[in-house]
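Reading through the structure tokens given below for one structure.
Numbering (the working numbering), first residue to last: 297 to 513.
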């Protein structure tokens, strides 16, 4: 089989050893991953798979939906916190579409490096996503990821609800319609306008989508 350039993502439940009823949490995670495997099937090369009690991974084709997918998983796992290591590179081995175990190559090496980096350098708990590849732009990409992670970590619960409502509508663009969102959330246009302005969510989404384009290109 020829070498393939793919995106490997390793997810990790933060503080898993201190979580009560870990079996319940793992079952919840498994259900969410199955949902994501179906929703993003066109991009997935090897399905999201739980590999350890607190770790899970996927192989995807290069695509622009990466951060929508990761934010959706994080949203559905609330209040459990998740971090992700993303790697871009080749896969040298055969790939099993049904289970993301056994494939090997730089994509997974980079993803492993990224998740280990977050363990040691989490920016006071703010950093949740790190990207690694052989590109000279890795530093710029990670600075933007750190900035957008910091933004989200400082949102109030009501500000987070704006992102969650967008994700439920399968929207991950800064050009969303404010009036439609207000109706969806049962809020006045004035109330939704305040949440949008104070959270900077349009900048958050624009930045995340720009990062995805940079990774894919």
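The C-beta atom is built at its ideal place from N, Cα and C for all residues, glycine as well.
Query	Result
If you compare alpha carbons, which of 349, 481 and 505 is closest to residue 440?	505
If you reduce the DSSP assignment to three classes, tell me which class residue 347 lands in.	strand
Sorted by chain position, which residues of the same chain lie with C-beta nearer than 6 Å to residue 306's C-beta, five sequence neighbours on each side aside?	353, 381, 407 and 411
If you follow the beta strand (DSSP E) that residue 384 is in, where does it begin and where does it stop?	378-387
How would you label residue 364, buried or exposed, when you count the other beta carbons within 10 angstroms and need 16 or more for buried?	buried
Just to confirm the assignment: which complete beta strand (DSSP E) runs, minimum length 3, are found wholly within the stretch 380-461?	425-428
Hey, residue 302 and residue 341: beta-carbon distance below 8 Å or not?	yes
For residue 500 and residue 447, I'd like the C-alpha separation in whole angstroms.	7 Å
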